[in-house]
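Novice: In the working numbering, the protein residues as written are 9 to 664. Glycine included, every Cβ here is placed at the ideal spot set by N, Cα and C. The structure presented is a predicted model; accordingly, all values stated were derived computationally and were not measured.
1. By how many angstroms is the C-alpha of residue 55 removed from the C-alpha of residue 74?
2. Less than 9 Å separating the beta-carbons of residue 456 and residue 476?
3. What's the gap between the Cα of residue 93 and the Cα of residue 389?
4. Determine contact between the stretch 270–286 and the stretch 197–211, defined as no fewer than three beta-carbon pairs at a distance below 8 Å.
5. Alpha carbons only, please: which of 427, 412, 485, 416 is nearest the one belonging to residue 441?
6. Is it a yes or a no for the stretch 412–424 touching the stretch 24–43, going by three-plus beta-carbon pairs under 8 Å?
7. Could you pull the DSSP bridge partners for residue 469 from this structure?
8. With DSSP run on the structure shown, which of helix, strand or coil describes residue 84?
9. Where residue 53 and residue 619 are concerned, what is the direct C-alpha to C-alpha distance, given to the nearest angstrom?
10. Mark residue 611 as exposed unless 16 or more other C-beta atoms lie within 10 angstroms of its C-beta, in which case mark it buried.
11. Can you grab the Cα-Cα spacing for the pair residue 569 / residue 11, in whole Å?
12. Do you know offhand how far residue 608's Cα is from residue 516's?
13. Quickly, what does DSSP pair residue 661 with across the bridge? List them, please.
14. Could you pull the DSSP bridge partners for residue 535 from this structure?
15. How long is the line joining the alpha carbons of residue 398 and residue 405, rounded to whole angstroms?
16. Straight-line CA distance for residue 262 to residue 214?
17. Would you check if the distance between the CB atom of residue 60 and the CB atom of residue 101 is smaller than 9 Å?
18. Whole angstroms are fine: how far does the CA of residue 25 sit from the CA of residue 58?
19. Check residue 288 in the structure and name its three-state DSSP category.
20. Would you check if the stretch 615–633 and the stretch 531–549 touch, i.e. whether three or more CB-CB distances between them fall below 8 Å?
21. Select from 443, 218, 334, 654 the residue whose C-alpha is nearest the C-alpha of residue 357.
22. Evaluate contact between the stretch 219–234 and the stretch 291–298, counting only Cβ atoms and requiring at least three cross-stretch pairs below 8 Å.
23. Mind reading off the beta-carbon distance from residue 323 to residue 520? Whole number of angstroms is fine, and I expect it under 8 Å.
24. How is residue 415 classed by DSSP in three states: helix, strand or coil?
25. Could you have a look at residue 77 and say whether DSSP puts it in helix, strand or coil?
26. Among all the DSSP beta bridges, which residues are the ones paired with residue 58?
27. Taking the alpha carbon of residue 665 as the reference point, which residue from 46, 507, 89, 541 has its own alpha carbon closest?
28. Given this structure, state the Cα-to-Cα distance separating residue 13 from residue 36, to the nearest angstrom.
29. For the alpha helix (DSSP H) containing residue 5, name the first residue and the last one.
30. Measuring straight from C-alpha to C-alpha, what distance separates residue 377 and residue 482?
31. If we ignore side chains and look at the alpha-carbon of each, how far apart do residue 38 and residue 62 end up?
32. Short of 7 Å in beta carbon distance, which residues of its chain neighbour residue 97, apart from the five on each side in sequence? Order them along the chain.
33. Quick one: what's got a C-beta closer than 7 Å to residue 542's C-beta in the same chain, skipping five residues either side?
34. Are the stretch 586–605 and the stretch 628–636 touching, with three or more C-beta to C-beta distances below 8 Å?
35. In the DSSP assignment, what residue or residues form a beta bridge with residue 637?
36. So if DSSP puts residue 99 in a beta bridge, which residue, or which two residues, is it bridged to?
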């Protein structure tokens, strides 16, 4: 609220509509804001101010009072007029500020007016005094003066930190080295060793089928050529014989390719993607709240969208291409080795040339892909912030500013994409040049060899040259595929990183479970308790000790940033102790698992959240209560009539 008020003041508008800005601050800050900003002597004294408030102590300082009831104006006028009329505004002041004086039964008009004005002065003085430090005389409460006071903290414990440890939003970490082998091993383990073995068997059989098909085709061709040259020779086999065998080998190869694809896409890929995503989700859901305080939502969305999509689809597609290319190269090498072994010398030449450029490409491509991921996160974050604050953006006419910012962030991302495209073209030109030169040399060498030997086996020449062409082209794509796989592994690396985030304490500690009836009394005791929001920050609660007896209702007061919310977070172990203990019925809650502790507590948060789903799912997510219990809760919250008016009733879909 204070940030919104500051934003409004800096806007220098002519008219200000202020929707109860004093409700979210304590009395001391409220008085300061009214005196120095909103009041007759404040920064906005020359502007028109429409102030919505129930802080009646400031009514005598405003020019005009408008009182609403059931959406209608029931009285308006200056403070003096309201005191003279002694109507609704007058009664409202008596009821909210001076009940004790209003009940004295004074019938004198001037006496009542003086009473109301006196009550306003008392309220203002009380609010000023309430902002000062209050020392408790209760012997059960100590350490009150040690509670960290920080009037300028946006939230408890944010201020007072060092520059490095206290950065509110952390910078996204980007690795600068090659992807570790452990990342590859993680993917293989996620696929399942049995599935990987099946994939390997299918791959070997598919390559064998391809080699046999090419060799059989060469044998068929040479047999037909021999028969045509020797007209007296009679072929022992009909053409259908060769065709049937060739077709059988082709069907076997197709079956192995189908097996390979089925295992890869339906078993390996799905299982690996599911496991990676589940580990990511578990890692994020089990992270301490400090992670969400320092990590933008857009960054998390980027990990769960772009990075997971790469693991789901692109990585599997690249693995498929890799297996096909390796299969083509293996079959081509086998054919060349069987038919013309001397041509195998082109293999190291091709490999050395391709590897030389691939090493230069892969290091740059890896870093560009990492930059792609880190420049994508700010786009998601900006979208999220813009959607959340669209009302404020329009109210201050800041659309052009946010459009410019969005264009800048998208431009930064496009620059990285352009660099990636240029790098791909750089590699393609060099690999294709090497491949074409080697294919030319292989073709010339084959023809020269056949010419010197005096043999003219055209089928042999055709098989060798076609195999060389296939191998050269496959080598080019293999180098790029290797690079693309490592790029995909950077996405997997980022996903694995979220799966290994530091987590909260264990949900359940089997060796230390509380009794079923714990807590029986509900005694809450803080003993020399200290805590901070995360490592490196100052303590927000320091050496705090107090005791709450069973069935007591305790009000915790303090200025903004005093540590009121921190007490609640500490009780639920959202933040852990830096020293001391919290005892519940004499049991230290830190010895139990989080689920055992939190399931025994209940809270009504400052900012309640509705989850997408039905009314029943929001009220009873675990299905523990009957419909009668749910309706009773709705009646107590005065929502029963509204829900009964819906056709779906408890199955009515709600959203935030």
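Specialist: A quick look at the data gives this:
1. 18 Å
2. no
3. 55 Å
4. yes
5. 485
6. no
7. DSSP output for residue 469 lists no bridge partner at all.
8. strand
9. So the alpha carbons of these two residues sit roughly 43 Å apart.
10. exposed
11. 15 Å
12. Cα-Cα distance, rounded: 13 Å.
13. Residue 661 is bridged to 622.
14. 589
15. 10 Å
16. 7 Å
17. It is not a contact, given that the beta carbons lie outside the stated cut-off.
18. 5 Å
19. In this structure, residue 288 counts as helix in the three-state DSSP scheme.
20. no
21. 443
22. no
23. 42 Å between Cβ atoms; not a contact.
24. helix
25. Here DSSP, grouped into helix, strand and coil, assigns residue 77 to strand.
26. 25
27. As shown, the chain starts at 9 and ends at 664. That puts residue 665 outside it, with no answer to give.
28. 16 Å
29. Because the chain spans 9 through 664 in this model, residue 5 falls outside it and cannot be assessed.
30. 24 Å
31. If you take the alpha carbons of residue 38 and residue 62, they lie about 12 Å apart.
32. 73, 75, 83, 90
33. 298
34. Fewer than three pairs of CB atoms, one per stretch, sit closer than 8 Å, so the stretch 586–605 makes no contact with the stretch 628–636.
35. Paired residues: none, contrary to the question.
36. Looking at the DSSP assignment, residue 99 forms no beta bridge with any residue, so it has no partner.
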